[in-house]
Structure formats: C-alpha cells, structure tokens
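Novice: Before I ask anything, let me first share the structure, which is written out below as structure tokens.
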C-alpha cells in the first residue's frame, strides 16, 4: 500500500517521546504517557500542564526558551521512563536485600526513589556532556600546535558528530532500544496523520512517513552543527579554559539550535529543506517502522492531549 500523499494542513505543537514499551505525548495543556503492560493492556497517565512562559515570561524569550524547553524535556522524559519501567518489573516479586531493607527502614522508600531519580538525571546529563563535549575536546589536545584554531575546532566538531552517530548506531543494536526506536516511529507517524487532518486510525497512521522534521534527533544533530560555529568564534589560549567555555556556552548552543530547528520546522522553503536534511537522514537510525500495537499506543497518547481550542495547538 502506498503512503498517504496528502499534505500537512496543520502543523501541531504537540510533541512526543518514545519510552520503554510506550510513548509520552505532550500538548499545549496536557501530557499523556501510555505504556503497553506485559499482559497486553494499556496503562495511561494523564497530567495537566501549564506552559512555563505563562509562569515565567523569560522562559518564552528566544534562545532562552530553547534551553528551558530542553531541560524540561529531559526531566519529563526521565519521569516518563520511570513510570514505564514499573510495569516492566511488576511481575518480579524479588525481596529487597539486607542493605536495601536497611536503607528503606532508615531513610524511607520514597526518599530512596527520589535520590535514585536525581542520581539518574545527573548521570545521564553528565554522560552526555562527557561523551559529546569533553571527549572530543580532549581528543584534539593531541593535535600538533601548528594546527590553527579553526581547523582544530572543525576536527573536534566532526569527531563530535561521529561519536554521536556511533552512539546511536550502538544503541540501535540493543533489543530494548530497538523497540523504543520503533515506538519513536509510531509517534512520528501518528503526529503526521494528525497534521494531515486524517482520522486517527491504525490504517491511516501506518501509511505515513516515519521521518519528521521536528524530531528530537534532528534537534540534537543541529546542536552538533551550531556548536562548531559557536566554538569557532569563542576561543582561549588554555585548553582547560576552552573546555570550560564549551560547557558554559552549552545553554547558548542549545538555545540557538532550538531557534534554527524551529525555523526549519515552521517553513517549507529551500533553506528549511537544507537545514532539515541532515537530521532527516539521521532519523533512519533512530526512527524505525512500528507494528500496529505500537501505533495503537501512539494514537491513544495523542488523542488524550489534543486541545479543544485548536489555536493553542498552532505551531
């Protein structure tokens, strides 16, 4: 069957994230996490949300809003993963070890879960900074001093992109992650179906393309490109200071990348197509074809966050 040829009639602000055996969708005023439980049924968690820019106007300022949204997405993503993981472990009735029981008695189960959640966030962010910022910056210290700054920065940027792509390829080899990438495809297809004004059915969703211009993978790739440009302008004699500048300027890089990605997602001209192309190609690694059960999860999740006022949903 041929994929739907109909055009996008409504670019939505709704975005999603694939998680362990499920999908989290976020709309203008609601978020919904849907997980496929081991028995085949669906676990659904709805939450009311308020845009941060309504509470804190500075969160809506260009460049700043990109970094704020990135941090918010990371937090919500970890929360959704934590929610989904409890259903994958629900059949396991293992008794806590003596150390675990002692910690529960002394500190409390809630405090332990909060501490572990905080630690997982710190480790996740630390791993990303170490792998994609620190490692490439350290690698270029072995270059001879005769290499000019611009050349060294370009090599560092290329290394960062190569490490990023290699990381995604390796993740795709892990069975659980490969399934998560398939849920990623279900998320994209469902949003495309909604944007084309089609009825949200398994048949219609299945026919949609799986690559989407406003994908988080594309956003991460744009960050890699923008970092090359920003780090080429800002430099220092000391290698250590250069490394510190990269970490300090990361919010700026993320903010600028968001604006570029936002522009590319809102427009359909030649420039937008050029800006989108690398990220769309990268999605061949991180966005895979879903099965019908995954599409069902995506449809349910999306249906729960569609606002009554479509103006709130306009990109």
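Residue numbers (our numbering): 128 to 442. Every residue, glycine too, gets a C-beta built ideally from N, C-alpha and C. All of these numbers come straight from a predicted model, not from anything done at the bench.
Return the CA-CA distance between residue 349 and residue 176, expressed in angstroms with no decimal places.
Specialist: As a position in the chain shown, residue 349 is number 222, starting the count at 1. As a position in the chain shown, residue 176 is number 49, starting the count at 1. Spanning the two alpha carbons is a distance of roughly 27 Å.
Novice: With distances taken Cα to Cα, identify the nearest neighbour of residue 309 among 134, 144 and 138.
Specialist: Here residue 309 refers to the residue found at position 182 of the chain shown. Nearest to residue 309 by C-alpha distance, out of 134, 144 and 138, is 144.
Novice: Do you know whose CA, among 267, 400 and 389, lies nearest residue 138's CA?
Specialist: Within the chain shown, numbered from 1, the residue matching residue 138 stands at position 11. For residue 138, the nearest C-alpha among the options comes from 389.
Novice: Would a check of beta-carbon distances place residue 170 closer than 7 Å to chain B?
Specialist: Protein chain content of the structure displayed is limited to a single chain, and chain B is not contained in it.
Novice: Between which two residues does the alpha helix (DSSP H) carrying residue 421 extend?
Specialist: For the purposes of this step, residue 421 is taken as residue 294 along the chain shown, with counting starting at 1. Note, residue 421: alpha helix (DSSP H), 419-430.
Novice: Mark residue 411 as exposed unless 16 or more other C-beta atoms lie within 10 angstroms of its C-beta, in which case mark it buried.
Specialist: Reading the chain shown from its first residue, position 284 is the one you call residue 411. That one is exposed.
Novice: What is the DSSP secondary structure of residue 328, counted as helix, strand or coil?
Specialist: Here residue 328 refers to the residue found at position 201 of the chain shown. Coil.
Novice: Determine whether the beta carbon atoms of residue 146 and residue 161 lie at a separation below 7 Å.
Specialist: Along the chain shown, read from residue 1 onward, the residue named residue 146 stands at position 19. Along the chain shown, read from residue 1 onward, the residue named residue 161 stands at position 34. Taking 7 Å as the Cβ cut-off, residue 146 and residue 161 do not qualify as a contacting pair.
Novice: If we count the other Cβ atoms within 10 Å of its Cβ and call it buried at 16 or more, is residue 277 buried or exposed?
Specialist: Indexing the chain shown from 1 puts residue 277 at position 150. The C-beta of residue 277 has fewer than 16 other C-beta atoms within 10 Å across all chains shown, which makes the residue exposed.
Novice: Looking at the unbroken alpha helix (DSSP H) that takes in residue 392, where does it start and where does it end?
Specialist: Numbered from 1 along the chain shown, position 265 holds the residue referred to as residue 392. Where residue 392 is concerned, the enclosing alpha helix (DSSP H) stretches over 377-393.
Novice: So residue 414 packs on residue 315, CB below 8 Å; how close in whole Å?
Specialist: In the chain shown, residue 414 corresponds to position 287, counting from 1. In the chain shown, residue 315 corresponds to position 188, counting from 1. About 6 Å separates the two Cβ atoms, so the contact holds.
Novice: Taking the beta carbon of residue 114 as the centre, do at least 16 other beta carbons fall within 10 Å, making it buried, or is it exposed?
Specialist: This structure gives no information on residue 114, because the portion of the chain shown stretches from 128 to 442.
Novice: Run through the region 162-201 for me and flag every whole alpha helix (DSSP H) of 4 or more residues, listed as ranges in chain order.
Specialist: Those alpha helix (DSSP H) runs which fall completely within the region 162-201 and span 4+ residues are 179-182.
Novice: Following the continuous alpha helix (DSSP H) through residue 145, name the residue where it begins and the one where it ends.
Specialist: On the chain shown, residue 145 is found 18 positions in, with the first residue counted as 1. Boundaries for residue 145: no alpha helix (DSSP H) harbours it, while the beta strand (DSSP E) harbouring it runs 142-146, taken from the DSSP string.
Novice: Can you confirm whether the region 356-365 touches the region 400-407 when touching is taken to mean that 3 or more C-beta pairs between the two stretches lie within less than 8 Å?
Specialist: In short, these stretches do not touch, since the Cβ pair count stays below three.
Novice: For residue 178, which option in 140, 272, 204 and 172 has the closest C-alpha, if you only look at C-alpha atoms?
Specialist: Within the chain shown, residue 178 is the residue found at index 51, counting from 1. Relative to residue 178, the option among 140, 272, 204 and 172 whose CA is nearest is 140.
Novice: How long is the line joining the alpha carbons of residue 215 and residue 164, rounded to whole angstroms?
Specialist: Within the chain shown, numbered from 1, the residue matching residue 215 stands at position 88. Within the chain shown, numbered from 1, the residue matching residue 164 stands at position 37. Distance between the alpha carbons of residue 215 and residue 164: 7 Å.
Novice: Check this for me: beta carbons of residue 186 and residue 195, under 7 Å apart or not?
Specialist: As a position in the chain shown, residue 186 is number 59, starting the count at 1. As a position in the chain shown, residue 195 is number 68, starting the count at 1. Yes, they are a contact pair.
Novice: Is residue 432 closer than 7 Å to residue 182 when the C-beta atoms are compared?
Specialist: For the purposes of this step, residue 182 is taken as residue 55 along the chain shown, with counting starting at 1. For the purposes of this step, residue 432 is taken as residue 305 along the chain shown, with counting starting at 1. For residue 182 and residue 432, no; Cβs fall outside 7 Å.
Novice: Express the C-alpha separation of residue 290 and residue 345 in angstroms, rounding to a whole number.
Specialist: In the chain shown, residue 345 corresponds to position 218, counting from 1. In the chain shown, residue 290 corresponds to position 163, counting from 1. C-alpha separation (whole angstroms): 15 Å.
Novice: Contact between the region 317-336 and the region 254-266: three or more CB pairs below 8 Å?
Specialist: Touching, no.
Novice: Please go through the same chain and pick out, in chain order, the residues whose beta-carbon is closer than 8 Å to the beta-carbon of residue 236, but skip the five residues on each side of it.
Specialist: Your numbering for residue 236 matches position 109 in the chain shown. Caution applies to residue 236, whose pLDDT of 49 falls short of 50 and renders its modelled position unreliable; the value that the coordinates give is listed next. Answer for residue 236: no residue qualifies.
Novice: Candidates 288, 417 and 306: which alpha carbon is nearest residue 409's?
Specialist: What you label residue 409 is simply residue 282 of the chain shown in a count that begins at 1. Minimum Cα distance to residue 409 is reached at 288.
Novice: Does residue 439 come out as helix, strand or coil in the three-state DSSP assignment?
Specialist: Within the chain shown, residue 439 is the residue found at index 312, counting from 1. DSSP places residue 439 in helix when its eight states are reduced to three.
Novice: Using the Cα positions of residue 295 and residue 142, report the straight-line distance between them to the nearest angstrom.
Specialist: Residue numbering aside, residue 295 sits at position 168 when the chain shown is read from its first letter. Residue numbering aside, residue 142 sits at position 15 when the chain shown is read from its first letter. Distance between the alpha carbons of residue 295 and residue 142: 21 Å.
Novice: Go ahead and label residue 341 buried or exposed: buried means 16 or more other beta carbons lie within 10 angstroms of its beta carbon, across all protein chains shown.
Specialist: Position 214 of the chain shown, counted from the start, is the residue given in the question as residue 341. With 16 or more other Cβ atoms within 10 Å, it is buried.
Novice: Would you kindly check if the distance between the Cβ of residue 380 and the Cβ of residue 353 is under 7 Å?
Specialist: For the purposes of this step, residue 353 is taken as residue 226 along the chain shown, with counting starting at 1. For the purposes of this step, residue 380 is taken as residue 253 along the chain shown, with counting starting at 1. Yes, Cβ-Cβ distance for residue 353 and residue 380 is below 7 Å.
Novice: Identify, in the order they occur along the chain, each residue of the same chain with its Cβ nearer than 6 Å to the Cβ of residue 387, setting aside the five sequence neighbours on each side.
Specialist: The residue given as residue 387 occupies position 260 in the chain shown. So the list reads 349, once near-sequence residues are dropped.
Novice: For residue 434, which of helix, strand or coil comes out of DSSP?
Specialist: By 1-based counting over the chain shown, the position of residue 434 is 307. Coil.
Novice: Which residues bound the alpha helix (DSSP H) around residue 407?
Specialist: Reading the chain shown from its first residue, position 280 is the one you call residue 407. Looking at the DSSP string, the run of the alpha helix (DSSP H) that includes residue 407 is 397-413.
Novice: With respect to the beta strand (DSSP E) encompassing residue 153, which residues constitute its N-terminal and C-terminal limits?
Specialist: For this step, residue 153 is matched to residue 26 along the chain shown. For residue 153, the enclosing beta strand (DSSP E) covers residues 149-153.
Novice: Using only alpha-carbon positions, find the residue among 275, 267, 272 and 193 that is nearest to residue 285.
Specialist: The sequence position of residue 285 within the chain shown is 158, counting from 1. For residue 285, the nearest C-alpha among the options comes from 267.
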